[in-house]
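Undergrad: One structure, as structure tokens, below. Some questions next.
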């Protein structure tokens, strides 16, 4: 970063206000982040979500905030579809094609879940049935497609955890 500028410099007139604005914005972001962390600590639903690997406070808060009530969706499959994690279908006559994910629903939540799934596949130290399933899938179809599949399954698992009130169980994974 900028350590020190000579006060007589012409550059100082331009850079100093920008640097002060940047510092103020950074301090404000830190205050908001603390408030968010406090809200997550106080919410038992978020605490429950954070028992799943890769799910941090932003992912948990986004999941709870986007869905609102676990009873909104009858199953995790419908929740995953609402988030936009199910494949599109093209059907006409005898043609039945499965396409890419629909990308409907909350884009930010989908991206947080995608990052959580990437963590499960790459950096998670704890072994789980979900991780083993994802790694087997990665060998067959590649990282990106396996990551999307783990993302979808993670959404289903989080919804099931929320409805049951039970924390993540490493050896229990819902069927794909």
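Numbering (the working numbering), first residue to last: 18 to 193. We put the beta carbon where it would ideally sit given N, CA and C, even for glycine. Source: prediction; values computed, not measured.
#1: If residue 76 sits next to residue 147, beta carbons under 8 Å apart, how far is it from one beta carbon to the other, in whole angstroms?
#2: Could I get the ranges of all uninterrupted beta strand (DSSP E) runs contained in the stretch 110-177, with 3 residues as the minimum, in chain order?
#3: What does a CB cutoff of less than 6 Å around residue 87 pick up in its chain, not counting 5 residues either side in sequence?
#4: Check whether the Cβ atoms of residue 1 and residue 167 lie closer than 8 Å to each other.
#5: If you drop the 5 nearest sequence neighbours on each side, which residues of the same chain put their C-beta closer than 6 Å to that of residue 134?
#6: Which residues in the same chain have their Cβ closer than 8 Å to the Cβ of residue 127, if we skip the five residues on either side of it in sequence?
#7: Let me confirm a value: residue 176 is counted as buried when at least 16 other C-beta atoms fall within 10 Å, else exposed. Which label applies?
#8: Going by DSSP in three states, residue 34 sits in which element: helix, strand or coil?
#9: If you reduce the DSSP assignment to three classes, tell me which class residue 91 lands in.
#10: Whose C-beta lies closer than 6 Å to the C-beta of residue 81 among residues of the same chain, with five residues either side of it excluded?
#11: If you reduce the DSSP assignment to three classes, tell me which class residue 184 lands in.
#12: Near residue 115, which residues of its chain fall below 7 Å by C-beta distance, leaving aside the five closest residues on each side in sequence?
#13: Would the C-beta of residue 145 count as close to the ligand ZN, meaning under 7 Å from any of its heavy atoms?
TA: Straight from the coordinates:
#1: Taking the chain shown and counting its residues from 1, the one referred to as residue 76 is at position 59. Taking the chain shown and counting its residues from 1, the one referred to as residue 147 is at position 130. Residue 76 to residue 147, Cβ: 15 Å. No contact.
#2: 112-118
#3: Within the chain shown, the letter at position 70 stands for residue 87. Answer for residue 87: 179 and 180, listed in chain order.
#4: With the chain running from 18 to 193 in the structure shown, residue 1 is simply not present.
#5: Position 117 of the chain shown holds residue 134. Cβ within range, chain order: 164, 167, 168 and 171.
#6: Sequence index remark: in the chain shown, residue 127 carries index 110 (1-based). Correct list, in chain order: 100, 101, 102, 120 and 168.
#7: Position 159 of the chain shown, counted from the first residue, corresponds to residue 176. Residue 176 comes out buried.
#8: Taking the chain shown and counting its residues from 1, the one referred to as residue 34 is at position 17. In the structure shown, residue 34 sits in a helix (DSSP, three-state: H, G or I).
#9: For the purposes of this step, residue 91 is identified with residue 74 of the chain shown, where counting begins at 1. Looking at residue 91 - three-state DSSP - the assignment turns out to be coil, as it is neither helix nor strand.
#10: As a working note, residue 81 is residue 64 in the chain shown. These residues qualify, in order along the chain: 62 and 63.
#11: As a working note, residue 184 is residue 167 in the chain shown. It is coil, neither helix nor strand.
#12: Residue mapping note: residue 115 aligns to position 98 of the chain shown, counting from 1. 104 and 106.
#13: The ligand ZN is not part of this structure, which contains no ligands at all.
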